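Notes for the one structure printed next.
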Amino acid sequence: MVLSAVACVATGPLAIRGLKAMRWIQPMRHEDCPPLVPLEPAKHGIPTMGGLWVLGVIVAVVALGGGLASREGVAVLMGLVGCGLIGMLDDLLKFRRANAKGLSCRHKLVAALGMGALIAWWLRDTAPALRLLSVPWT
311 MVLSAVACVA TGPLAIRGLK AMRWIQPMRH EDCPPLVPLE PAKHGIPTMG
361 GLWVLGVIVA VVALGGGLAS REGVAVLMGL VGCGLIGMLD DLLKFRRANA
411 KGLSCRHKLV AALGMGALIA WWLRDTAPAL RLLSVPWT
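Taking this note's numbering, the leading residue of the sequence shown gets 311, the next gets one more, and so forth.
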């Protein structure tokens with residue numbers, strides 16, 4: 311975790327310059343939260359898709375650190391990458407649509423639940439303990 315944070319801080323300025331050069335700037339939107347409208351000018355010109363860069367750093371650190379040696383480690387990384395892909399799709403839709411709303415909350419939830427179900431199905435034979443449901447305080 312510390313290595314990922316250090317790598318993000320070290321490579322962050324380069325990633326931000328690259329995102330700005332590609333003009334990946336999130337469209338301004340004012341209708342979502344009127345109290346935040348006065349703060350929007352301060353965000354003007356700040357690139358989006360930074361999560362994709364952070365995700366790439368995390369994947370690289372996990373791969374180099376041996377985190378892919380176990381099936382459970384791969385499953386955690388699959389969940390992380392899957393959520394990152396949902397976020398990336400959301401950002402891409404914000405660029406394409408005039409209203410800049412991206413994916414609806416319902417679509418994000420359905421995608422995340424579906425991804426979790428696929429990962430659980432993939433892990434079903436990994437360890438018998440993963441099939442137990444523990445209910446605390448019973």
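Each residue gets a CB set at the ideal place from its N, CA and C atoms; glycine is no exception. None of the values given here were measured: they were computed from a predicted structure.
Can the beta-carbon of residue i be found less than 8 Å from the beta-carbon of residue j?
i	j	result
V369	V391	yes
V386	C318	no
L362	M398	yes
L403	L419	no
T448	R381	no
As a quick exercise: from the options, pick the residue whose alpha carbon is nearest that of residue i.
i	options	result
G322	V367, M388, L378, L433	V367
C393	C415, A422, V371	A422
V372	W431, V312, S444	V312
L374	A331, S314, P344	S314
L395	V316, G377, M425	M425
V384	H417, D400, C415, L433	L433
H306	S444, A430, I429, D400	This structure leaves residue 306 out entirely; the chain is present only between 311 and 448.
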